[in-house]
Amino acid sequence: MQHDIWFNGKLVPHAEANISVLSHVIHYGSSVFEGIRCYNTKKSGPAVFRLPEHMRRLEESAKIYRMASEYSQEQMEAAVIETIEASGMQSCYIRPVIYRGVGGLGVNPLKNKVDAFIAVLNWGKYLGEEAMESGVDVHVASWSRMAPNTFPSLAKAGGNYLNASLVKMDAVLNGYMEGIMLNREGYVAEGSGENLFVIRDGKILTAPAAFSILPGITRDSIFRIAADLGYEIEQTAIPREALYIADELFFTGTAAEVTPIRSVDKYVVGSGTRGPITTAIQAAFFDIVEGGNDPYGWLTPVNVSVPA
Ligand code: PPE
Numbered sequence: 006m007q008h009d010i011w012f013n014g015k016l017v018p019h020a021e022a023n024i025s026v027l028s029h030v031i032h033y034g035s036s037v038f039e040g041i042r043c044y045n046t047k048k049s050g051p052a053v054f055r056l057p058e059h060m061r062r063l064e065e066s067a068k069i070y071r072m073a074s075e076y077s078q079e080q081m082e083a084a085v086i087e088t089i090e091a092s093g094m095q096s097c098y099i100r101p102v103i104y105r106g107v108g109g110l111g112v113n114p115l116k117n118k119v120d121a122f123i124a125v126l127n128w129g130k131y132l133g134e135e136a137m138e139s140g141v142d143v144h145v146a147s148w149s150r151m152a153p154n155t156f157p158s159l160a161k162a163g164g165n166y167l168n169a170s171l172v173k174m175d176a177v178l179n180g181y182m183e184g185i186m187l188n189r190e191g192y193v194a195e196g197s198g199e200n201l202f203v204i205r206d207g208k209i210l211t212a213p214a215a216f217s218i219l220p221g222i223t224r225d226s227i228f229r230i231a232a233d234l235g236y237e238i239e240q241t242a243i244p245r246e247a248l249y250i251a252d253e254l255f256f257t258g259t260a261a262e263v264t265p266i267r268s269v270d271k272y273v274v275g276s277g278t279r280g281p282i283t284t285a286i287q288a289a290f291f292d293i294v295e296g297g298n299d300p301y302g303w304l305t306p307v308n309v310s311v312p313a
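This note's numbering numbers the first residue of the sequence shown as 6 and each following residue consecutively.
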């Protein structure tokens, strides 16, 4: 079933949420977006995970690209809730997008209209159901992450995903689930749609924000969860070969949640299955989002009435 789309302030049927082929975004990739999950928590029903943080990042992505959205962060948060409630979905993936619309062709976007929409859809496990336990097989991508001062990596912008989709296609066509990108200096950056964590000798490492990564909201959540479980986390330069001798590796992301990695470039990671620290962090994460146990105040409840 296709749910109503919130489109420039109003809920409209899916079929009516259309854009012009002459929209700036079609020609030049000028959009910013978010991916957010709503979970049907055991404890208190449907709730959105870290909604203010996602909408803040959306607003900041728009700011970087000088897009003046008509809607404030608070209005966009309310619009997300409204869209979920209207859909009747108790759990869903939420995709808000702000983009450059019509207003003439040509690179200069300053005259083009800025439009916004929010869609809600079903989205299961990003890297496969059984991957959550057994882990995924990945490779190091031959494409690098963008260099600093080329495309702003802190903005979650549509155009950045041209690079990501080259990485993902190469991975899939070579029989891997995902590709890990290195930055321009050759240090580990992230997956095409996930942040990456490396565990060795009980210590957890991940790339710093300045390494051309998207600093994920799940990544930030893992910092809190892991610290409270007593693990030390360091944001540091990780050489490629550290992946091959790691004890454990895992991806994080809204879509990917916490997904273990069992091999990289056919090197077996640790024991070749989900390791103990990954298991503990994954369990703590799912206790929040699925269990509804929310020590950090990360869940925003939504009222989805179940049809009788
Ligand atoms: N890095 C990239 C490049 C990325 O796209 C994502 C999310 C992350 C890191 C993790 O960020 P966060 O979701 O805030 O923890 N990728 C989104 C889109 C994936 C897609 O295929 O589309 C997502 O997970 O929603």
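Beta carbons are placed, not taken as given, at the ideal position from N, Cα and C, and that holds for glycine.
Membership of Met137 in any beta strand (DSSP E) is not indicated; the residue belongs instead to the alpha helix (DSSP H) covering 136–139. Between the beta-carbon of Leu254 and that of Phe202 there is about 7 Å, and that keeps the pair under the 8 Å contact cut. At least 7 Å separates the beta-carbon of Ile218 from that of Phe228. Using a Cβ distance threshold of 7 Å, Gly196 and Ile185 count as a contacting pair.
Ranked by how close their Cα comes to the Cα of Leu63, the residues Asp299, Pro265, Pro220, Asn308 have Pro220 in first place. Checking the 6 Å criterion, the Cβ of Thr223 is within range of a heavy atom belonging to ligand 1. For Asp142, the CB contacts under 7 Å within the same chain, skipping 5 residues up- and downstream, are Tyr181, Met182, Arg267, Ser268 in chain order. When the beta-carbon positions are compared, Val309 and Pro51 come within less than 7 Å of each other. By the 16-neighbour rule on beta-carbons within 10 angstroms, Asn168 is buried. Gln80 is not a Cβ neighbour of Met60, given a cutoff of 7 Å. By the Cβ neighbour-count rule, Gly302 is exposed, with fewer than 16 other Cβ atoms within 10 Å of its own.
In this model, Leu171 and Asn45 are separated by some 34 Å (Cα to Cα). The three-state reading of DSSP puts Asp120 in strand, counting E and B together. With a cutoff of 6 Å, Glu82 does not count as near ligand 1, since its C-beta is closer than that to no heavy atom of the ligand. Looking from the CA of Thr305, the closest CA among Val17, Gln95, Arg71 belongs to Gln95. By the 16-neighbour rule on beta-carbons within 10 angstroms, Leu210 is buried. Taking 7 Å as the cut-off, the beta carbon of Gly277 is found no closer than this to the beta carbon of Lys47.
With contacts defined as CB atoms closer than 7 Å, Leu178 and Ser149 fail to qualify as a contacting pair. Counting along the chain, Phe54 sits inside the beta strand (DSSP E) bounded by residues 50–54. Our two residues, Gly40 and Thr223, have alpha carbons roughly 11 Å apart in a direct line.
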